[in-house]
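Each protein sequence line maps, in turn, to chains A and B.
The opening residue of the first sequence carries number 1 in the working numbering; numbering runs sequentially from there.
The opening residue of the second sequence carries number 139 in the working numbering; numbering runs sequentially from there.
Glycine included, every Cβ here is placed at the ideal spot set by N, Cα and C.
Note that this is a predicted model, so its numbers are computed, not measured.
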Amino acid sequence: MPEKNIDVLIVEDSEIDTMAVLRAFRKADITNATHQACDGVEALDMLRGTGGKSALPQPCLILLDINMPRMDGISMLDELREDDGIKDSIVFMLTTSGHTVDRKAAYERNVAGYFLKENLGPLVEMLKPYCQGNEFPV
Amino acid sequence: MMLTAKTDDQLKMEMLREGVGDYLAKPFSMEEFRVKVERLTAQRRRTIAERAILLQKLLKSNQDLERFAYATAHDLRSPLRSIDILAQWVEEDSVGTLHPQSAEHLQKLRQQIKRMEKLLRDMLDYSTMEQATDEAGEIVKGSVLLTDILALLAPPAEFTINASEAFQRLSMPRMPLQQIFYNLVQNAIRHHDGETGRIELDVEVDGPRYVFTVRDDGPESIRNITRKFSTCSRL
């Protein structure tokens, strides 16, 4: 029996960049359900089902930006990995920052990959078979 | 401070004009001598202190400027990238339906975006260049540097860009020289008014220093200006 496709949460403060991800998904025929959060605070609320949001199905595949208002991507990762209910989330960084400090910080918090926004194409290409063939945490 | 038996007023004036701190004619009282020396040293201390403060201010304002340039360039990149993405979507979605002239305009629009992206990237590179200069960077031959600059620039075929033997043989730090020569050659091409152009890079040894020259046959007759700092002019 085919399992339900994993949900994707896009955490991104730029409307255009969110649209870019959705458009790339559409073009690559990725049909997974997508959700959008504009910063770390909103994303955590959606994952936990707090702050008036209904909880997203777990686990979630998260595409995470770094520079965002209220709570940036690295701080969000800190909270995420501390929270037993959502710490299994699979996180890919998707950011304009290629700084070594950011890359180091992200991998220290166990991200599955780190992509620059200019490489959105390769990321989406990789995600398609990944979403379909990968065994996710239960 | 002059201590002399000469009481010649004209000489005294001349000396003071030349920068002598004070002029004391013999015989003089020890008291007067002491007061005058104290005054001179106090003045000197004040000047040094003032200079230190000024230097501090200058360093700070330089740092602020660098930080400002970096922050500006950095912050402008994000909306510019969004503009490019939107233009790209319009381009993709309107294939075959857009008026050919509009399609061309759209293409030109994207070219300008690319240009501005490059300017911003250069600005970012420039503001981090100071640091790079201090670090022990890669040393390359002038010939390698020239080849790399030409590969980056892709100058029009009508332009000949040469470097002298001395330039090609000289070992030099890649950063910041690559950026500097890149900007100078690019400027020479951009502001050239002829159909064809010639740009020459040269280096001369001047005692302990090297004098680099970028010479082109563009406007202002034949220019021969060592424009070491013209990377600054674009900031």
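Notebook entry, point to check: DSSP state of A/Ile90, grouped into three classes?
Noted result: strand
Notebook entry, point to check: Where B/Glu276 and B/Asp286 are concerned, what is the direct C-alpha to C-alpha distance, given to the nearest angstrom?
Noted result: 14 angstroms
Notebook entry, point to check: Taking the alpha-carbon positions, what's the B/Ala289 to A/Tyr114 distance?
Noted result: 29 angstroms
Margin query: Rounded to whole angstroms, what is the Cα-Cα separation between B/His243 and B/Ala225?
Written below: 11 angstroms
Next item on the list: Please determine, among B/Pro346, B/Pro311, B/Val278 and B/Thr298, the residue with the shortest C-alpha to C-alpha distance to B/Gly335.
Entry: B/Thr298
Next item on the list: For chain A, find out if any of its Cβ atoms is closer than 8 angstroms to the Cβ of B/Ser302; answer yes or no.
Entry: no
Check: Pairing CB atoms from the region 33-44 of chain A with CB atoms from the region 74-89 of chain A, are three or more of them under 8 angstroms?
Finding: yes
Next item on the list: Examine chain B for any beta-carbon lying closer than 8 angstroms to the beta-carbon of A/Thr96, and answer yes or no.
Entry: yes
Check: Would the region 15-28 of chain A and the region 113-131 of chain A be scored as touching if the rule is three or more Cβ pairs under 8 angstroms?
Finding: yes
Margin query: Using a 10 Å radius around the Cβ and a threshold of 16 neighbouring Cβ atoms, would you call A/Thr18 buried or exposed?
Written below: buried
Checklist line | Buried or exposed (CB count within 10 angstroms, at least 16 for buried), B/His330 | finding: buried
Item checked: Any 3 or more C-beta pairs closer than 8 angstroms across the region 209-223 of chain B and the region 253-261 of chain B -> yes
Margin query: By alpha-carbon positions, which one of B/Glu296, B/Ser232 and B/Phe305 ends up nearest to B/Val278?
Written below: B/Phe305
Note to self: Could you tell me the alpha carbon to alpha carbon distance between B/Asp147 and B/Leu154, rounded to whole angstroms?
What the structure shows: 11 angstroms
Checklist line | Run of the alpha helix (DSSP H) containing A/Cys131, from where it starts to where it stops | finding: Leu120 to Gly133
Checklist line | Assumed close pair B/Asn300, B/Glu333 - CB separation to whole angstroms, cut-off 8 angstroms | finding: Between B/Glu333 and B/Asn300 the Cβ distance is about 18 angstroms, and since that is not below 8 angstroms, they are no contact.
Check: Is it the case that the Cβ atoms of A/Leu56 and A/Met93 are separated by a distance below 8 angstroms?
Finding: no
Checklist line | Limits of the alpha helix (DSSP H) - the one that A/Leu56 falls within | finding: Careful: A/Leu56 lies outside any alpha helix (DSSP H) and carries neither H nor E.
Note to self: Relative to the C-alpha of B/Asp354, which candidate in B/Ala295, B/Lys150, B/Asn325 and B/Gln249 has its C-alpha closest?
What the structure shows: B/Asn325
Notebook entry, point to check: Do you know how far the Cα of B/Ala209 is from the Cα of B/Met254?
Noted result: 16 angstroms
Next item on the list: Taking A/Ile30 as the query, report the chain B residues whose CB atoms sit under 7 angstroms from its CB, ordered along the chain.
Entry: Result: empty, since nearest Cβ-Cβ is about 18 angstroms, beyond 7 angstroms.
Check: Who are B/Tyr161's beta bridge partners in DSSP?
Finding: B/Met140
Notebook entry, point to check: Who pairs with B/Leu387 in a beta bridge, going by DSSP?
Noted result: Here chain B covers residues 139 to 373 and nothing more, so residue 387 of chain B does not appear.
Check: Which term fits A/Ser14, buried or exposed, when burial requires 16 or more other beta carbons within 10 angstroms of its beta carbon?
Finding: buried
Notebook entry, point to check: Which residues of chain A have a Cβ atom closer than 8 angstroms to the Cβ of B/Ser216, listed in chain order?
Noted result: Ser14 and Thr96
Check: What does B/Met311 pair with, by DSSP beta-bridge criteria?
Finding: The sequence given here places Pro at residue 311 of chain B; Met does not occur at that position. DSSP output for B/Pro311 lists B/Ile277 as bridge partner(s).
Check: CB-CB under 6 angstroms to A/Asp88, same chain, minus the five flanking residues each way: which ones, in chain order?
Finding: Pro59 and Pro137
Margin query: Residues of chain B with CB closer than 7 angstroms to the CB of A/Ala20, please, in chain order.
Written below: Ile223
Note to self: Quick test of your reading: B/Tyr320 and B/Leu284, contact by CB under 8 angstroms. State the CB separation rounded to the nearest angstrom.
What the structure shows: Not a contact, Cβ separation roughly 10 angstroms.
Notebook entry, point to check: Do you know offhand how far B/Leu197's Cα is from B/Thr185's?
Noted result: 18 angstroms
Checklist line | Identity of the residues DSSP links to A/Cys60 by a beta bridge | finding: A/Asp7
Item checked: C-alpha gap between B/Asp263 and A/Ile66, whole angstroms -> 21 angstroms
Check: Short check: CB of A/Thr31 to CB of A/Asn5, under 8 angstroms?
Finding: yes
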